[in-house]
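Heads up: the protein sequence lines correspond to chains A and B, in order.
Numbering-wise (our numbering), the first sequence opens with residue 1 and increments by one.
Numbering-wise (our numbering), the second sequence opens with residue 258 and increments by one.
From the three backbone atoms N, C-alpha and C, an ideal C-beta is built for every residue, glycine too.
Every value quoted in this text rests on a predicted model; they were computed, and no experiment measured them.
Heads up: the structure comes next, in structure tokens.
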Amino acid sequence: MSAPTTTTNTTPGAAPVTQTILAQTRAELTMALRRGESLLVTIVIPTGLLIVFMGLPIVPGGSGAKIAFLLPGILAAAIMSTSLVSLGIATAYDRYYGSLKRLGSTPLPRWGLIAAKIVTVLAIEAAQTLLLLLIAIIFFGWRPAGSPLLALLVMLLGTAAFAGLGMLMAGNLRAEATLAGANGLFLLFVIIGGIVLPLDHWPGIIQLPAQVLPAAALSDALRSALSPAGINGGSLLLLLAWAVVLLVTAALTFKWE
Amino acid sequence: MNTAQARAQGTSANAGDAAIVVERLVKLYGDKAAVRDLSFTVARGEIFALLGPNGAGKTTTVEILEGYRTADSGSARVLGLDPRRDGARLKPRIGVMLQQDGIYNYLTTRELLELFARFYREPEDPTRLLQVVGLSDAAATRCRQLSGGQKRRLSLALALVGRPELIFLDEPTTGMDPQARRATWEMLRELRERGSTLLLTTHFMDEAERLADRIAIIDHGELLALDTPAGLTREQSTTTTEVRFTAHGAVDVAALGSLPGARMVRSDAPGSYVVETGDAAALLVELTTALHAAGITLSELRVGRTSLEDVFLQLTGKEMRE
Chain A
1 MSAPTTTTNT
11 TPGAAPVTQT
21 ILAQTRAELT
31 MALRRGESLL
41 VTIVIPTGLL
51 IVFMGLPIVP
61 GGSGAKIAFL
71 LPGILAAAIM
81 STSLVSLGIA
91 TAYDRYYGSL
101 KRLGSTPLPR
111 WGLIAAKIVT
121 VLAIEAAQTL
131 LLLLIAIIFF
141 GWRPAGSPLL
151 ALLVMLLGTA
161 AFAGLGMLMA
171 GNLRAEATLA
181 GANGLFLLFV
191 IIGGIVLPLD
201 HWPGIIQLPA
211 QVLPAAALSD
221 ALRSALSPAG
231 INGGSLLLLL
241 AWAVVLLVTA
251 ALTFKWE
Chain B
258 MNTAQARAQG
268 TSANAGDAAI
278 VVERLVKLYG
288 DKAAVRDLSF
298 TVARGEIFAL
308 LGPNGAGKTT
318 TVEILEGYRT
328 ADSGSARVLG
338 LDPRRDGARL
348 KPRIGVMLQQ
358 DGIYNYLTTR
368 ELLELFARFY
378 REPEDPTRLL
388 QVVGLSDAAA
398 TRCRQLSGGQ
408 KRRLSLALAL
418 VGRPELIFLD
428 EPTTGMDPQA
438 RRATWEMLRE
448 LRERGSTLLL
458 TTHFMDEAER
468 LADRIAIIDH
478 GELLALDTPA
488 GLTREQSTTT
498 TEVRFTAHGA
508 VDVAALGSLP
518 GARMVRSDAP
528 GSYVVETGDA
538 AALLVELTTA
548 LHAAGITLSE
558 LRVGRTSLED
568 VFLQLTGKEM
578 RE
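Have a look at this one:
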């Protein structure tokens, strides 16, 4: 490689890769905090669902049984709101406006961009979880039971599965379709995913297909992990399968422009 | 002078110190060829323009060089590297301005520029760069609120923040107001003076003519002509001068063609005529005498060399579309 004929320019080069990823992570977090409609779905809706359904006589049992049922469901909804709705829609618009393409010619590697998005999703979920736990403990007397460590594992698996679904939509559909689809699926999952309503409240024709969807797998695995009876292995395996299938499909089909 | 002479020739620069070498490049979309057998070389330190109508294959060519697309055959070397295989080594050394700005709506102008600055080891100072592109007043504005022209200027700043050796600009001034266009041209000339190489696509004649050291005219993915702006128009104008006039009344085109000084006469539009001549002074006497005798009022008269626009029209057979 011959040197440039003029030497007034310093030799340009890429910044250390950790620096590029940290910068991108900071930008992703900043943007996530500025998207009002995204905060509505990640913070306001799960909190509201928890408070409203604690006050409604829909879920059977006393207050203790109620919060033991509702909190894992709402945590599952919080995970879906961040990894499916918020991540999916934001990424769809990044793609629509050409931001993903533009980043493709900078020194930030593709996996670095993905890492930044993962850190952002996990940070938002940590804040959601903390908020929901505090409300459950302070106002509804929730006490931890079962295995918190297994619950954490289930939440990470759920994040992987729903982030896979969000990215699958963002990388293949038009931005408007992802916007509508992610919100629609979220609503559907809250209703028939065992989030605020036990699945056995539904007739068999809804219950059977609903059981194999990733939402029910996540809410059931999380609820059982946090119960004295211990984790439901079937739900855990089903969630793992969804996570693998959705992430692999998203990775194989994702279109950057 | 040497560089100017070297630039005047189509593929003068030898591959050793060339910034870009494109050889027999082909890109197919289905059975349609977007780029056909395209070859050109861009020397270091020059501003090279790809000029062509929409759909000519300009963007496809540039995106192959930027590493976004793979060519179906032929080869492209950028700063001595393969843009696809050596992308990680190439990206820190190039600056890219795409047709779509690709900026984040939820960040401010300054935040976005600072983000991109963090991607490079020795970036340009964002504050200074905002000043250079005239966005200092919009530094704290969310990108969503920027005008189309402001977004374009921010996009240019993002392309420059890594102090690139080679800058790709796809339709850089589209959407800018005339003042911003002129300022941008000035900035791009300064970058060349500092040793950067620029490859730009444009469908603006004046942009190519005033800015580029060399122009490649392409259409249907094929190279139609490659020369300096002067060289492209010289071929026509060394022996021929065009006399254009507008007149009211019945002009007898055949009679004009029989004037001793006229080589060819054509009418571009009703009332608008072009006479080609080898001796403009003699023709003007004959022409004005003939028109005066016929009682025709001359409302506009222009003597000039062939313009780049004429060359373009002759080569592509079409007007530039906006």
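Best match in B:Leu426, B:Tyr377, B:Phe376 and B:Asn362 for proximity to B:Ala397 [C-alpha to C-alpha]:
B:Asn362
For B:Ser412, count neighbouring Cβ atoms within 10 angstroms of its own Cβ and tell me buried if that reaches 16, exposed if not.
buried
Looking at the unbroken beta strand (DSSP E) that takes in B:Thr534, where does it start and where does it end?
Ser529 to Thr534
is_contact[B:Gly359, chain A] using C-beta, thresh 7 Å:
yes
Answer with yes or no whether the minimum CB distance from A:Pro209 to chain B is below 7 Å.
no
Taking the alpha-carbon positions, what's the B:Ala333 to B:Ala414 distance?
26 Å
Taking the beta strand (DSSP E) that B:Val418 belongs to, which residues open and close that run?
Careful: B:Val418 lies outside any beta strand (DSSP E) and carries neither H nor E.
For B:Asp274, I'd like the list of residues in its chain whose CB is within less than 6 Å of its CB, leaving aside the five on either flank, ordered along the chain.
Excluding sequence neighbours, B:Asp274 sits near Arg301.
Measure from the alpha carbon of B:Trp442 to the alpha carbon of each residue in B:Glu422, B:Arg420 and B:Arg410, then state which is nearest.
Of the candidates B:Glu422, B:Arg420 and B:Arg410, the one whose C-alpha sits nearest the C-alpha of B:Trp442 is B:Arg410.
Going residue by residue through the stretch 20-53 of chain A, where are the continuous alpha helix (DSSP H) segments of at least 4 residues, counting only ones entirely within it?
Runs of the alpha helix (DSSP H) spanning 4 or more residues and lying entirely within the stretch 20-53 of chain A occur at 36-39, in chain order.
For a contact meaning CB atoms closer than 7 Å, what does B:Val353 contact in chain A?
Ser105
Would A:Leu226 pass as an interface residue toward chain B - the criterion being a Cβ-Cβ separation below 7 Å?
Output row for A:Leu226: interface = no.
Name the chain B residues whose beta carbon is nearer than 9 Å to that of A:Ala182?
Per Cβ cutoff of 9 Å: no residues; A:Ala182 is ~18 Å from chain B at best.
Which of helix, strand or coil DSSP assigns to B:His549
helix
Should A:Trp142 go down as buried or exposed, given a rule of 16 or more other Cβ atoms within 10 Å for buried?
buried
Whose Cβ in chain A lies nearer than 7 Å to the Cβ of B:Tyr227?
Residue 227 of chain B lies beyond the residue range present for chain B, which begins at 258 and ends at 579; the question has no answer from this structure.
Does B:Ala261 have its Cβ less than 7 Å from a Cβ in chain A?
Low per-residue confidence applies at B:Ala261: pLDDT is 43, beneath 50, and the placement is therefore not dependable enough to give any value.
Closest to B:Gln599 by CA distance: which of B:Gly432, B:Ile351 and B:Ile475 is it?
Look at the range of chain B in this structure, 258 to 579, and you will see that residue 599 of chain B is not part of it.
Can you name the residues of chain A whose CB is closer than 9 Å to the CB of B:Tyr286?
Per Cβ cutoff of 9 Å: no residues; B:Tyr286 is ~14 Å from chain A at best.
Examine chain A for any beta-carbon lying closer than 7 Å to the beta-carbon of B:Asp447, and answer yes or no.
For the sequence presented, residue 447 of chain B should be read as Glu rather than Asp. Answer no: the Cβ-Cβ gap between B:Glu447 and chain A never drops below 7 Å.
Just checking: is the beta-carbon of B:Phe305 within a distance shorter than 7 Å of some beta-carbon in chain A?
no
The beta strand (DSSP E) spanning B:Met521 covers which residue range?
Ala519 to Ala526
Starting from A:Ser99, trace the beta strand (DSSP E) in both directions and tell me its first and last residue.
Membership of A:Ser99 in any beta strand (DSSP E) is not indicated; the residue belongs instead to the alpha helix (DSSP H) covering Ser99 to Leu103.
Assign A:Ser235 to one of two classes, buried (16 or more other C-beta atoms within 10 Å of its C-beta) or exposed (fewer than that).
Around the CB of A:Ser235, 16 or more other CB atoms lie within 10 Å, so the residue is classed as buried.
For a cutoff of 7 Å on Cβ pairs, would you count A:Lys66 as touching chain B?
no
Whose C-beta lies closer than 7 Å to the C-beta of A:Gly104 among residues of the same chain, with five residues either side of it excluded?
Trp256
Give a yes or no on whether 7 Å exceeds the smallest Cβ distance from A:Ala15 to chain B.
Using a Cβ-Cβ cut-off of 7 Å, A:Ala15 counts as an interface residue toward chain B, since at least one Cβ of chain B sits closer than that to its own.
Euclidean distance between Cα positions of B:Thr485 and B:Val568:
Rounded to whole angstroms, B:Thr485 to B:Val568 spans 13 Å at the Cα level.
With a threshold of 6 Å on Cβ separation, who are the neighbours of A:Ala78 within its own chain once the five nearest residues in sequence on each side are excluded?
If we look at A:Ala78 and ignore the five residues flanking it on each side, its Cβ neighbours are Pro46 and Gln128.
Note down the Cα distance separating A:Leu100 from B:Arg439, rounded to an integer number of angstroms.
Their backbone Cα atoms lie some 30 Å apart in a straight line.
Note down, one range per segment and in chain order, each alpha helix (DSSP H) of at least 4 residues found wholly within the stretch 146-222 of chain A.
148-170, 175-192 and 204-212
Can you check whether the CB of A:Thr42 is closer than 7 Å to the CB of A:Thr82?
For A:Thr82 and A:Thr42, yes; Cβs fall inside 7 Å.
So, does the CB of B:Pro486 fall closer than 7 Å to a CB anywhere in chain A?
The C-beta of B:Pro486 comes no closer than 7 Å to any C-beta of chain A.
Taking only beta-carbon positions, decide if A:Asn9 is within less than 7 Å of chain B.
Because the pLDDT of A:Asn9 is 35, which lies under 50, any placement of that residue in the model is unreliable, and the question is left without a value.
Secondary structure at B:Tyr286, three-state DSSP: helix, strand or coil?
strand
Would A:Arg95 pass as an interface residue toward chain B - the criterion being a Cβ-Cβ separation below 7 Å?
no
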